[in-house]
Amino acid sequence: AQSVSQHNHHVILSEAASLELGCNYSYGGTVNLFWYVQYPGQHLQLLLKYFSGDPLVKGIKGFEAEFIKSKFSFNLRKPSVQWSDTAEYFCAVITSGGYNKLIFGAGTRLAVHP
Amino acid sequence: DTGVSQDPRHKITKRGQNVTFRCDPISEHNRLYWYRQTLGQGPEFLTYFQNEAQLEKSRLLSDRFSAERPKGSFSTLEIQRTEQGDSAMYLCASSLSPGQGNYNEQFFGPGTRLTVL
Chain A
35 AQSVSQHNHH VILSEAASLE LGCNYSYGGT VNLFWYVQYP GQHLQLLLKY FSGDPLVKGI
95 KGFEAEFIKS KFSFNLRKPS VQWSDTAEYF CAVITSGGYN KLIFGAGTRL AVHP
Chain B
807 DTGVSQDPRH KITKRGQNVT FRCDPISEHN RLYWYRQTLG QGPEFLTYFQ NEAQLEKSRL
867 LSDRFSAERP KGSFSTLEIQ RTEQGDSAMY LCASSLSPGQ GNYNEQFFGP GTRLTVL
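This is the structure:
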């Protein structure tokens, strides 16, 4: 069965530190990849997505992610985090023929301290 | 507010009772999804509608669960004879269909938090 693994459940950083959140998926076919973010008290919202083309994708608020097909990975990065980035981050995948249903990882809770 | 709305936001019920949740998608979206999220986990797909047709159901959706989208607009999710294991956040999302836009981003509602005592 298809699945998504997020390596870190909790990450604590100081402001201005760099961030990298790991995400791996298990599916051998074509995938569309996503990172969603949920700020405290808010809805899930899309941070960035990868469909095809340049494997380095840029999203909102200075986030980017790199698709490495050979590693089945889609890691999220930000060079310098802010306190306002405190949130839960979910990696998700849509597989070919998957009716557009998202398969989510367990999430990573990020806390950024001033 | 033109986003996805869900009602109620919170529901506390006793084991064995039936509950029903409602989701109103973004008006021009003809795809509607239900997901369930338990503590410490990401959302898990439950079911999906294209207009009024229910096209896929997860194995997570036991016979006690039923979802409808009678006119292709709002949707309801009913859980009969609730069990403590049904306690979770139930999320609704909607999107356009292929051909109506670029990627069919799923827009999520705020969720209904169910607690079964």
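These protein sequence lines map, in sequence, to chains A and B. Each residue of the first sequence is one higher than the one before, counting from 35 in our numbering. Each residue of the second sequence is one higher than the one before, counting from 807 in our numbering. The C-beta atom is built at its ideal place from N, Cα and C for all residues, glycine as well.
Using 10 angstroms around the beta-carbon of residue 824(B), count the other beta-carbons present and answer buried if the total reaches 16, otherwise exposed.
-> Indexing the second sequence from 1 puts residue 824(B) at position 18. Exposed, because fewer than 16 other Cβ atoms sit within 10 Å of the Cβ of residue 824(B).
Endpoints, the beta strand (DSSP E) within which residue 872(B) is located = Translated into positions along the second sequence, residue 872(B) becomes position 66. It spans 871-874 - the beta strand (DSSP E) in which residue 872(B) sits, taken as one unbroken run.
State yes or no: is the beta carbon of residue 124(A) nearer than 8 angstroms to at least one beta carbon in chain B?
-> On the first sequence, position 90 is the one that residue 124(A) refers to. Yes, contact with chain B.
Under 8 angstroms by Cβ, that's how I've got residue 21(A) and residue 105(A) pegged, so tell me the actual separation to the nearest angstrom.
-> Nothing can be reported for residue 21(A), as the shown portion of chain A is limited to 35 through 148.
Taking Cβ-Cβ distances shorter than 9 angstroms, what residues in chain A pair up with residue 896(B)?
-> Position 90 of the second sequence, counted from the start, is the residue given in the question as residue 896(B). By Cβ distance, chain A contributes nothing, its closest Cβ being about 13 angstroms from residue 896(B), past 9 angstroms.
With a Cβ-Cβ cutoff of 8 angstroms, do residue 895(B) and residue 919(B) count as a contact?
-> Taking the first residue of the second sequence as position 1, residue 895(B) is located at position 89. Taking the first residue of the second sequence as position 1, residue 919(B) is located at position 113. Result yes, Cβ atoms of residue 895(B) and residue 919(B) sit closer than 8 angstroms.
Find out if the Cβ-Cβ distance for the pair residue 851(B), residue 136(A) is shorter than 8 angstroms.
-> Stepping through the second sequence from its first residue, residue 851(B) is reached at position 45. Stepping through the first sequence from its first residue, residue 136(A) is reached at position 102. Yes, these two residues count as a Cβ contact at 8 angstroms.
Residue 45(A), DSSP secondary structure in three states | For the purposes of this step, residue 45(A) is taken as the residue at position 11 of the first sequence. Here residue 45(A) sits in strand by DSSP.
Closest Cα partner of residue 148(A) within the set 42(A), 47(A) and 64(A) | The residue labelled residue 148(A) in the question sits at position 114 within the first sequence. For the residues 42(A), 47(A) and 64(A), the minimum Cα distance to residue 148(A) belongs to 47(A).
Tell me, please, whether the stretch 40-57 of chain A touches the stretch 812-822 of chain B by the rule of three or more beta-carbon pairs shorter than 8 angstroms.
-> no
Give the interface partners of residue 831(B) over in chain A, defined as CB-CB distance under 8 angstroms, in chain order.
-> As a working note, residue 831(B) is residue 25 in the second sequence. Simply none; closest approach about 13 angstroms.
For residue 82(A), the residue or residues it bridges with in DSSP = As a first step, residue 82(A) is located in the first sequence; it is residue number 48 there, counting from the start. DSSP output for residue 82(A) lists 69(A) as bridge partner(s).
Take the Cβ of residue 835(B) as the centre, count every other Cβ of all protein chains shown within 10 Å, and call the residue buried at 16 or more, exposed below.
-> For the purposes of this step, residue 835(B) is identified with residue 29 of the second sequence, where counting begins at 1. That one is buried.
For residue 820(B), collect the residues of the same chain with a Cβ closer than 6 angstroms to its Cβ; drop the 5 residues on either side in sequence, then sort them by chain order.
-> Translated into the one-based positions of the second sequence, residue 820(B) becomes position 14. Taken in chain order, the residues that qualify are 923.
Nearest to residue 141(A) by CA position, among 41(A), 112(A) and 59(A), is which residue?
-> Walking along the first sequence from the start, residue 141(A) turns up at place 107. Looking at the Cα atoms, 41(A) is the closest of the given residues.
Can you pull the chain B residues whose beta carbon is under 7 angstroms from the beta carbon of residue 53(A), in chain order?
-> Along the first sequence, one-based indexing puts residue 53(A) at 19. Simply none; closest approach about 19 angstroms.
Start and end of the beta strand (DSSP E) containing residue 816(B)?
-> Taking the second sequence and counting its residues from 1, the one referred to as residue 816(B) is at position 10. Its beta strand (DSSP E) spans residues 816-819.
Short Cβ contact (8 angstroms threshold) for residue 864(B) with residue 853(B) = Within the second sequence, numbered from 1, the residue matching residue 864(B) stands at position 58. Within the second sequence, numbered from 1, the residue matching residue 853(B) stands at position 47. In contact: residue 864(B) and residue 853(B) (Cβ atoms closer than 8 angstroms).
Beta-bridge partners of residue 147(A), as assigned by DSSP = The residue labelled residue 147(A) in the question sits at position 113 within the first sequence. In the DSSP output, where bridge partners are listed per residue, residue 147(A) has 48(A).
Name the chain A residues whose beta carbon is nearer than 7 angstroms to that of residue 951(B)?
-> There is simply no residue 951(B) to check, as chain B begins at 807 and stops at 923 in what is shown.
Decide if residue 126(A) is buried, meaning its Cβ has at least 16 other Cβ atoms within 10 Å, or exposed.
-> Locating residue 126(A) in the first sequence gives position 92, where the first residue counts as 1. It is buried - the Cβ of residue 126(A) has at least 16 other Cβ atoms within 10 Å.
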